[in-house]
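Numbers given in my numbering equal positions in the sequence shown, counted from 1, plus 674.
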Amino acid sequence: MPIYKKFALVYDQMDADLHSKRMVPYCTKIFKRFSIKPSVGLDLCCGTGSAISAFEKLSIKMSGLDQSAEMLAITAKKTKKLKVKLYQKSLPKFRLLDLHDSQKIVQFDLVTSFYDSLNYMLTEKDLATAFKSVYQHLHKDGWFIFDMNTPLALKTIWDEQVYAGVKDTMAWVWENEYDTKEKKASCHATFFKKKGKVWERFDETHYEKGYSNTTIKKLLKASGFQIKGFYNCNTFENVTRDSYRVCAIVQKK
Ligand SMILES: C[S@@+](CC[C@H](N)C(=O)[O-])C[C@H]1O[C@@H](n2cnc3c(N)ncnc32)[C@H](O)[C@@H]1O
């Protein structure tokens, strides 16, 4: 079942983009700490483009990639004046080619990916392929910064939990489960959106997989990255077994 279709229309209304908005000030601290001075960046799985808008304000010329045409349409609307390049592509394997030289791969100083997006890679092989694709799209010494849910977060926050919310013109119910053995979570999301006097219902099922810190690090190293920071997200404290979200800061050497 395709995901992030009609969900795109309510994503920002639900404040689902809040996390990525918060990641940008965190990234500015990361830039300072590691002396990162990016000029061109790519936000991978950019969703509705809130991080792109915020990075552009820091004078980083951004591009965005997402599998969802609907999410990209919202990003395009939001970033209309910025002439951001948007790619509708699916991970794990992606290849962005230069418009003027089809032999040349487009490269960036910075690639980011926020809010569980890489947890959508449901096998170790796919996560490894995604890391390798990112590596190819970075300049030498370029940086990749991303966050991921840990298996503990999926178990604690997702398993057998129901989340619901209501706003003036929309409502949602999310029923979540977690398979401890597979480290795989599912979220059956039902949305209601008011259209005139009628409430329209739509449903999507999302799957995320949790990876151990050891596995993420192993796959990053196998892709050629040097791990510079592996933190409890939004802090500069090392990840522990109790962390719910990791933030990896890695460099192409
Ligand atoms: C939780 S949203 C995060 C969006 C945005 N980064 C944010 O922080 O608000 C996950 C995003 O990943 C995208 N996505 C999921 N699987 C993908 C894949 N295989 N390839 C490309 N994009 C994918 C979805 O379309 C969605 O926009």
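Idealized CB from N, CA, C, for every residue including glycine.
Runs of alpha helix (DSSP H) lying entirely within the stretch 710-752, each at least 4 residues, in chain order: DSSP runs (the alpha helix (DSSP H)) wholly in the stretch 710-752: 724-731 and 743-752.
Cβ pair V758, I710 closer than 8 Å: No, the pair does not count as a contact, with Cβ atoms beyond the cut-off.
Limits of the unbroken alpha helix (DSSP H) element including I890: For I890, the enclosing alpha helix (DSSP H) covers residues N887 to A896.
G884 Cβ short of 7 Å to ligand 1 heavy atom set: Flag unset: Cβ of G884 not near ligand 1.
Residue range of the alpha helix (DSSP H) that includes Y809: Element bounds for Y809: E798 to Q810.
Proximal residues to A750 (C-beta, below 7 Å), its chain only, five neighbours per side dropped: The beta carbon of A750 lies closer than 7 Å to those of L760 in the same chain, with the five residues before and after it left out.
Nearest neighbour of E856, chosen from L796, Y837, M688 and A827 [CA to CA]: Nearest neighbour of E856 by Cα position, chosen from L796, Y837, M688 and A827, turns out to be L796.
Host alpha helix (DSSP H) of V924 (start-end): Counting along the chain, V924 falls outside any alpha helix (DSSP H), though it belongs to the beta strand (DSSP E) covering R919 to K926.
Through-space distance from Y905 to K895, alpha-carbon basis: Between K895 and Y905, the C-alpha separation is close to 16 Å.
Any 3 or more C-beta pairs closer than 8 Å across the stretch 848-863 and the stretch 760-771: The stretch 760-771 and the stretch 848-863 do not touch, with fewer than three beta-carbon pairs separated by less than 8 Å.
Distance cut-off 7 Å: H862 Cβ against heavy atoms of ligand 3: Only ligand 1 can be found as ligands here, which leaves ligand 3 out of the picture.
Unbroken alpha helix (DSSP H) run spanning C701, endpoints: Note, C701: alpha helix (DSSP H), L692 to F708.
Candidates C921, L716, A690 and S724: closest to G816 by CA position: Checked all of C921, L716, A690 and S724; the closest Cα to G816 is L716.
Closest residue to T722 among F899, S791, D772 and M822 (Cα-Cα distance): Residue S791 holds the alpha-carbon nearest to the alpha-carbon of T722 among F899, S791, D772 and M822.
Close Cβ partners of M697 (< 6 Å) along its chain, the five nearest in sequence each way excluded: Around M697: F788.
Contact under 8 Å by Cβ, F865 with V684: Yes, the pair counts as a contact, with Cβ atoms nearer than the cut-off.
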